[in-house]
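Working notes, structure below.
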Amino acid sequence: MRPASACAALPIQHDAREWTAVYPIIERIYVRERRSLKYLMRAMEEDYNFKATVQMYKKRFTKWRFQKNVRRDRRGKDVGPQLTRDSGLPSTALIKAATVTRTPRILHLSTSDAAQLAFLSSIRNWTVSFFDRAELGTVGYSLPSPPGLTSPSPKSSIKPPPRDLNNPEQLSFAFKLILGLLDRDQGVLAGRLARKAFLQAETLLDAEGPLFIWNTLEIFHNIALLRQANLGHILLHHLISLAGSRPVSKVLLRLQDLLQAWQHDGVPVRPEALERAWSINADLTFSRFDPDYLLLYYQLVWDSDIVKLDPEIARHSDKWFAKIHDKINKTFLHDDVDVATGKLWPKHELTFNGIGIHGDGTSQPANFNQLKQESLTGVTQMLDEVPADSTMRVRVLSAWLKSQVLQDDAAMPVHPGMDIPRLQARIMAYIIRIIMDFETQGREDVDSAADRMRTILALREYGQGRLGSQIVYEMWQLEDLLVRDGRVEEAAELRAESYRRLEEFLADIPEEPHG
Numbered sequence: 001m002r003p004a005s006a007c008a009a010l011p012i013q014h015d016a017r018e019w020t021a022v023y024p025i026i027e028r029i030y031v032r033e034r035r036s037l038k039y040l041m042r043a044m045e046e047d048y049n050f051k052a053t054v055q056m057y058k059k060r061f062t063k064w065r066f067q068k069n070v071r072r073d074r075r076g077k078d079v080g081p082q083l084t085r086d087s088g089l090p091s092t093a094l095i096k097a098a099t100v101t102r103t104p105r106i107l108h109l110s111t112s113d114a115a116q117l118a119f120l121s122s123i124r125n126w127t128v129s130f131f132d133r134a135e136l137g138t139v140g141y142s143l144p145s146p147p148g149l150t151s152p153s154p155k156s157s158i159k160p161p162p163r164d165l166n167n168p169e170q171l172s173f174a175f176k177l178i179l180g181l182l183d184r185d186q187g188v189l190a191g192r193l194a195r196k197a198f199l200q201a202e203t204l205l206d207a208e209g210p211l212f213i214w215n216t217l218e219i220f221h222n223i224a225l226l227r228q229a230n231l232g233h234i235l236l237h238h239l240i241s242l243a244g245s246r247p248v249s250k251v252l253l254r255l256q257d258l259l260q261a262w263q264h265d266g267v268p269v270r271p272e273a274l275e276r277a278w279s280i281n282a283d284l285t286f287s288r289f290d291p292d293y294l295l296l297y298y299q300l301v302w303d304s305d306i307v308k309l310d311p312e313i314a315r316h317s318d319k320w321f322a323k324i325h326d327k328i329n330k331t332f333l334h335d336d337v338d339v340a341t342g343k344l345w346p347k348h349e350l351t352f353n354g355i356g357i358h359g360d361g362t363s364q365p366a367n368f369n370q371l372k373q374e375s376l377t378g379v380t381q382m383l384d385e386v387p388a389d390s391t392m393r394v395r396v397l398s399a400w401l402k403s404q405v406l407q408d409d410a411a412m413p414v415h416p417g418m419d420i421p422r423l424q425a426r427i428m429a430y431i432i433r434i435i436m437d438f439e440t441q442g443r444e445d446v447d448s449a450a451d452r453m454r455t456i457l458a459l460r461e462y463g464q465g466r467l468g469s470q471i472v473y474e475m476w477q478l479e480d481l482l483v484r485d486g487r488v489e490e491a492a493e494l495r496a497e498s499y500r501r502l503e504e505f506l507a508d509i510p511e512e513p514h515g
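In full-length UniProt numbering, the protein residues as written are 1 to 515.
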């Protein structure tokens, strides 16, 4: 049974442009080929990822004045309705004399426009179908274990992957770093990191429905913004190959069709199309908000420029997170530690293999407890100051949710195999980053920004280890702040150190031989 708080399922909706784009296909199948409505619906869903209800089709047929058994006149024209605006039904004489084709006026869509509409439809259908399946009796939602976190068989020789790449957020930072390396003319390092990231790209495919769409489009959006189309094509081809016959392959193939259509029409990749697709998925996800999807929400990549919820959706975010907070408290009240922990935290957050693999033992920052209190105070302050319809509001609430583990009566009790201080350090780094973004919102001259970034790095190194994509990426952000402050020599030293760490991180990925 799903809780009473779960939102009712929303009907599938398509706007006028989407219906216009598929008009020729529907007209051919239903009118010219005289197929049944059932056949049409199945063909549109399976072949074009276009899903709609019987009532929606009938309403559209009425608007288009479709008559499946309409006769054709001697000139080969359909004896059908005109598209002009009428105050009433046309007379019989007008119908018989009609020579105007029934093709809508916007049928002159370019190849890329039609492909974009098909892609957006596939996003909507994929997300809706996930929630429709979940409502058929699924109790809650559980994430598949990331590679390397399940118990290997005694005969298994597969080593667990580095912590840096075994979850969507860290994989996202890997691709941000790849793009940064390309921008810095570090093609060799970018290629090596790409090979390492591609080895773990299947992590994206392990996620279902809205989680896959959210995190995958976040990566492709970053690629599109920096006009690295070649990298996007390679990654997409790789994901399609990995997906095989999985249902998610339909969405990936629609994205491939869109990229090819842009090439066909000679237009550049449009980041705004990916933003629109991301928004459709996000709005549907939160329209179906349910605390039982806590693990799904936790795995969403929040630290991204693409995270901009519709204001009407964002206004309800306080209620969402209050429900989640209530669920956390009730879970620990009714379940033992092991069961509750498994329900409330992704497994990759509960194990720490980064230090063991990278061989470092970074010590805890001396002011650790002070930073913990500052994090809690900062979250409380932001909750009071950030408007409900602000794009920053959801990130602040996610920080508030994660901050529960920093409380004295932490929602995360001591648990075998867990290193609570290191988990707290990762959460503190996340929170302080949001505090920093809040302080610098619309401003570039905040004196505390560089110090905030140093604190984030210190917590990151203690909580995650000194190597990894996110560490290097944030070192570069600190470098930019130092350059802005005129501390050029210090920035140069930091850049050199970032490359040394990256080389160490990529020690298992040799440089490809030339020739």
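The beta carbon of each residue, even a glycine, is placed where N, CA and C say it ideally should be. From a predicted model like this one, the values you see are computed outputs, not experimental measurements.
query: Grouping DSSP H, G and I as helix and E and B as strand, with all else coil, what is Ala366?
result: As a first step, residue 366 must be located in the sequence shown, where it is residue number 366. The answer is coil: DSSP assigns Ala366 none of H, G, I, E or B.
task: Check whether the Cβ atoms of Leu284 and Val394 lie closer than 8 Å to each other.
output: Residue mapping note: residue 284 aligns to position 284 of the sequence shown, counting from 1. Residue mapping note: residue 394 aligns to position 394 of the sequence shown, counting from 1. Not in contact: Leu284 and Val394 (Cβ atoms no closer than 8 Å).
task: Ignore the nearest five residues each way along the sequence and tell me which others in Glu202's own chain have a CB closer than 6 Å to its CB.
output: In the sequence shown, the residue the question calls residue 202 occupies position 202. Contacts found: Leu242.
- request: Would you mind stating whether Lys372 and Leu406 have Cβ atoms separated by less than 8 Å?
  value: Indexing the sequence shown from 1 puts residue 372 at position 372. Indexing the sequence shown from 1 puts residue 406 at position 406. Closer than 8 Å, so yes.
field: Backbone secondary structure at Thr391 - three-state DSSP
entry: Translated into the one-based positions of the sequence shown, residue 391 becomes position 391. Of the three classes helix, strand and coil, the one that applies to Thr391 here is coil, per DSSP.
message: Given a cut-off of 8 Å on the beta-carbon distance, is the pair Asn215 and Ser172 in contact?
response: For this step, residue 215 is matched to residue 215 along the sequence shown. For this step, residue 172 is matched to residue 172 along the sequence shown. Taking 8 Å as the Cβ cut-off, Asn215 and Ser172 qualify as a contacting pair.
- prompt: Considering only residues of the region 238–281, which uninterrupted alpha helix (DSSP H) runs meet the minimum length of 4 residues and lie entirely inside it, listed in chain order?
  reply: 249–265
task: Count the C-beta pairs between the region 223–231 and the region 266–279 that are closer than 8 Å, then say yes if the count reaches three, no if not.
output: yes
field: Residue from Arg426, Gly486 and Thr362 with nearest C-alpha to Glu169
entry: Translated into the one-based positions of the sequence shown, residue 169 becomes position 169. Considering only alpha carbons, the answer is Arg426.
task: Pick helix, strand or coil for Met303, following the three-state DSSP scheme.
output: Translated into the one-based positions of the sequence shown, residue 303 becomes position 303. A quick correction: the sequence has Asp, not Met, at residue 303. Reduced to three states, the DSSP call for Asp303 is coil.
message: Just to confirm my understanding: we take Thr362, look at its own chain, exclude 5 residues before and 5 after, and list those with CB closer than 8 Å. What are they?
response: The residue labelled residue 362 in the question sits at position 362 within the sequence shown. Hits under 8 Å: Ile355, Glu461, Tyr462, Gly465 and Arg466.
query: Hey, Leu294 and Leu211 are a contact pair by Cβ (cut 8 Å); roughly how many whole angstroms apart?
result: By 1-based counting over the sequence shown, the position of residue 294 is 294. By 1-based counting over the sequence shown, the position of residue 211 is 211. Incorrect: roughly 12 Å between the Cβ atoms, too far for contact.
query: For Asp183, is the classification buried or exposed, using 16 other Cβ atoms within 10 angstroms of its Cβ as the cut-off for buried?
result: By one-based count along the sequence shown, residue 183 stands at place 183. Looking at its Cβ environment, which holds fewer than 16 other Cβ atoms inside 10 Å, Asp183 is exposed.
query: If we ignore side chains and look at the alpha-carbon of each, how far apart do Leu193 and Ile219 end up?
result: For this step, residue 193 is matched to residue 193 along the sequence shown. For this step, residue 219 is matched to residue 219 along the sequence shown. The alpha-carbon atoms of Leu193 and Ile219 are separated by roughly 15 Å.
task: Let me know if Ala449 comes out buried or exposed under the rule of 16 or more other beta-carbons within 10 Å of its beta-carbon.
output: Residue numbering aside, residue 449 sits at position 449 when the sequence shown is read from its first letter. Ala449 is buried by the Cβ-count criterion.
- prompt: Between Leu252 and Ile240, what straight-line distance do the alpha-carbon atoms span, to the nearest angstrom?
  reply: Indexing the sequence shown from 1 puts residue 252 at position 252. Indexing the sequence shown from 1 puts residue 240 at position 240. So the two alpha carbons sit approximately 6 Å from each other.
task: Consult DSSP for Val386 and reduce its assignment to one of helix, strand or coil.
output: The sequence position of residue 386 within the sequence shown is 386, counting from 1. In the structure shown, Val386 sits in coil (DSSP, three-state: anything other than H, G, I, E or B).
query: Is Thr115 near Ala16, with beta carbons less than 8 Å apart?
result: On the sequence shown, residue 115 is found 115 positions in, with the first residue counted as 1. On the sequence shown, residue 16 is found 16 positions in, with the first residue counted as 1. Going by the sequence as given, residue 115 is Ala instead of Thr. No. Outside cutoff.
message: Going by C-alpha to C-alpha distance, which of Tyr30, Phe131, Glu33 and Asp265 sits closest to Asp290?
response: As a working note, residue 290 is residue 290 in the sequence shown. Answer by Cα proximity: Phe131.
- request: Return the first residue and the last residue of the alpha helix (DSSP H) that Lys176 is part of.
  value: For this step, residue 176 is matched to residue 176 along the sequence shown. That run of the alpha helix (DSSP H) goes Pro168 to Asp183.
query: Could you give the distance in angstroms between the alpha-carbon of Thr62 and the alpha-carbon of Ile280?
result: Within the sequence shown, residue 62 is the residue found at index 62, counting from 1. Within the sequence shown, residue 280 is the residue found at index 280, counting from 1. Near 27 Å, if we compare the C-alpha coordinates of Ile280 and Thr62.
Between the CA atoms of Ser245 and Tyr23 - distance to the nearest angstrom: Position 23 of the sequence shown, counted from the first residue, corresponds to residue 23. Position 245 of the sequence shown, counted from the first residue, corresponds to residue 245. Each residue's alpha carbon lies about 29 Å from the other.
- prompt: By a C-beta neighbour count over all protein chains shown, 10 Å radius and 16 as the cutoff for buried, is Gln228 buried or exposed?
  reply: Here residue 228 is taken as the residue at index 228 of the sequence shown, counted from 1. It is buried - the Cβ of Gln228 has at least 16 other Cβ atoms within 10 Å.
message: Tell me the DSSP secondary structure of Arg424 in three-state form.
response: Along the sequence shown, read from residue 1 onward, the residue named residue 424 stands at position 424. A small correction: the amino acid at residue 424 is Gln; Arg does not occupy that position in the sequence shown. If DSSP states are grouped into helix, strand and coil, Gln424 belongs with the helices.
task: Let me know if Asp409 comes out buried or exposed under the rule of 16 or more other beta-carbons within 10 Å of its beta-carbon.
output: In the sequence shown, residue 409 corresponds to position 409, counting from 1. Residue placement at Asp409 is flagged as unreliable, the pLDDT there being 46, under the threshold of 50; the coordinate-derived value follows with that caveat. By the neighbour-count rule (16 or more Cβ atoms within 10 Å), Asp409 is not buried but exposed.
task: Measure the C-alpha to C-alpha separation of Tyr499 and Arg28 and round it to an integer number of angstroms.
output: Within the sequence shown, residue 499 is the residue found at index 499, counting from 1. Within the sequence shown, residue 28 is the residue found at index 28, counting from 1. Taking the straight line joining both Cα atoms gives about 59 Å.
message: So, at 7 Å on beta carbons, what are the nonlocal neighbours of Leu274 in its own chain, with the 5 sequence-adjacent residues on each side left out?
response: For this step, residue 274 is matched to residue 274 along the sequence shown. Once the five neighbours on either side are set aside, the close Cβ partners of Leu274 are Leu217, Phe220, His221 and Ala224.
message: I'd like the span of the alpha helix (DSSP H) that includes Ala450, first residue to last.
response: Looking up residue 450 in the sequence shown gives position 450. Where Ala450 is concerned, the enclosing alpha helix (DSSP H) stretches over Ala449 to Gln464.
message: Assuming the contact rule is C-beta atoms closer than 8 Å, Ser390 and Asp265 should be a hit. Round their C-beta distance to whole Å, please.
response: For the purposes of this step, residue 390 is identified with residue 390 of the sequence shown, where counting begins at 1. For the purposes of this step, residue 265 is identified with residue 265 of the sequence shown, where counting begins at 1. Not quite, the Cβ-Cβ distance comes to about 37 Å (not below 8 Å), so this is no contact.
Close-in-space but distant-in-sequence residues of the same chain around Leu482 (CB under 7 Å, 5 per side omitted): Sequence index remark: in the sequence shown, residue 482 carries index 482 (1-based). Same-chain partners within the cutoff: Ala450, Glu490, Ala491 and Leu494.
query: Which residues in the same chain have their Cβ closer than 7 Å to the Cβ of Phe505, if we skip the five residues on either side of it in sequence?
result: As a first step, residue 505 must be located in the sequence shown, where it is residue number 505. Cβ neighbours of Phe505 beyond the five flanking positions: Leu467 and Gly468.
query: What number of angstroms, rounded off, separates the C-alpha of Tyr39 from the C-alpha of Thr53?
result: One-based indexing of the sequence shown puts residue 39 at position 39. One-based indexing of the sequence shown puts residue 53 at position 53. Approximately 13 Å between the Cα atoms of the pair.
message: DSSP three-state label for Gly232, please.
response: Taking the sequence shown and counting its residues from 1, one reaches residue 232 at position 232. The answer is helix: DSSP assigns Gly232 an H, G or I state.
task: Return the Cβ separation of Phe119 and Leu231 in integer angstroms, given the expectation that the two are a contact with Cβ distance under 8 Å.
output: Residue numbering aside, residue 119 sits at position 119 when the sequence shown is read from its first letter. Residue numbering aside, residue 231 sits at position 231 when the sequence shown is read from its first letter. So it is not a contact: roughly 19 Å between Cβ atoms.
query: Taking the alpha helix (DSSP H) that Gln477 falls in, what are its first and last residues?
result: On the sequence shown, residue 477 is found 477 positions in, with the first residue counted as 1. Its alpha helix (DSSP H) spans residues Ser469 to Arg484.
Close Cβ partners of Leu136 (< 6 Å) along its chain, the five nearest in sequence each way excluded: In the sequence shown, the residue the question calls residue 136 occupies position 136. Low local confidence applies: a pLDDT of 46 at Leu136 is under 50, so the model's placement there is unreliable, and no value is given.
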